[in-house]
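Q:
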Amino acid sequence: MIEHLKTLPEIRITMVCMGNICRSPMAAAVLSNRTAQWSSPKIIVDSSGTSAWHIGQSAHPTSQKTWEKAGYKYSHSARQFKSSDFFESDLILVMDSNNYKKVIELAPDNDSRRKVFYLRSFDPALSVIDPASEQFNKLEVPDPYDLSSEVYEETLVMIERAVDGLLQELSHQ
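Taking the working numbering, I'd label the letters of the sequence shown as residues 52 to 224.
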């Protein structure tokens, strides 16, 4: 799936959700903290949203509290995903089917489309699910926007499992 990335000296990964204030910055916080000591390949993490609603805003307070409570440090300013992100990213990880559709619509070519995956497709427990199947919704990270702190904590667990699977795949030679 991402075998070709292992040969790169650095891998640029962009996390994408709708507003870039809940899920994608949480995923970026997890990934950037877990790869802070990696040198080969070096992992460069970014995040963005498919909508323009929150450009320039910091993360949703509950999202940030959740990742900080788990020990992750990360500063964030929301931005919108744009077609140029395909040229600045080696891997684009989306949180749900709406994000997937909006990102794919901006892809300039098939090579760009091949960079886009559901983040949870790297969760070892879900890796057998085909994103084109009727079970694709199991690959989604549900949007916790304005829900309880418990929902944000569940979101973090989903993200951590997927990031762990991604890192396991990237570290296998």
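Here a beta-carbon is modelled for each residue, glycine too, at the ideal position from N, C-alpha and C.
Give me, in chain order, the residues of the same chain whose beta-carbon lies closer than 7 Å to that of Pro182; leave out the 5 immediate sequence neighbours on both sides.
A: Excluding sequence neighbours, Pro182 sits near Tyr169, Ser172 and Leu190.
Q: Would the beta-carbon of Asn188 fall within 9 Å of that of Phe132?
A: No, Cβ-Cβ distance for Asn188 and Phe132 is not below 9 Å.
Q: Mind checking whether Ile94 and Ile64 have CB atoms under 9 Å apart?
A: Cβ atoms of Ile94 and Ile64: closer than 9 Å.
Q: Quick check on Glu211: buried or exposed, where buried means 16 or more other Cβ atoms within 10 Å of its Cβ?
A: The residue is buried, with at least 16 neighbouring Cβ atoms inside 10 Å.
Q: Taking 9 Å as the threshold (C-beta atoms), are Ser128 and Gln108 in contact?
A: Yes, the pair counts as a contact, with Cβ atoms nearer than the cut-off.
Q: So, helix, strand or coil for Glu205, using DSSP?
A: Correct three-state label for Glu205: helix.
Q: Quick one: what's got a C-beta closer than 8 Å to Gly216's C-beta in the same chain, skipping five residues either side?
A: Cβ within range, chain order: Phe173, Asp174, Pro175 and Ser178.
Q: Would Trp118 be called buried (16 or more neighbouring beta carbons within 10 Å of its own) or exposed?
A: Result: buried.
Q: Using only alpha-carbon positions, find the residue among Thr113, Ser98 and Asn84 that is nearest to Ser201.
A: A quick correction: the sequence has Glu, not Ser, at residue 201. The residue with the shortest Cα to Cα distance from Glu201 is Thr113.
Q: Quick one: Cα of Glu156 to Cα of Trp89, how far?
A: Straight-line Cα distance between these residues: approximately 33 Å.
Q: Mapping the DSSP letters down to three states, classify Asp162 as helix, strand or coil.
A: Asp162: helix per DSSP, three-state reduction.
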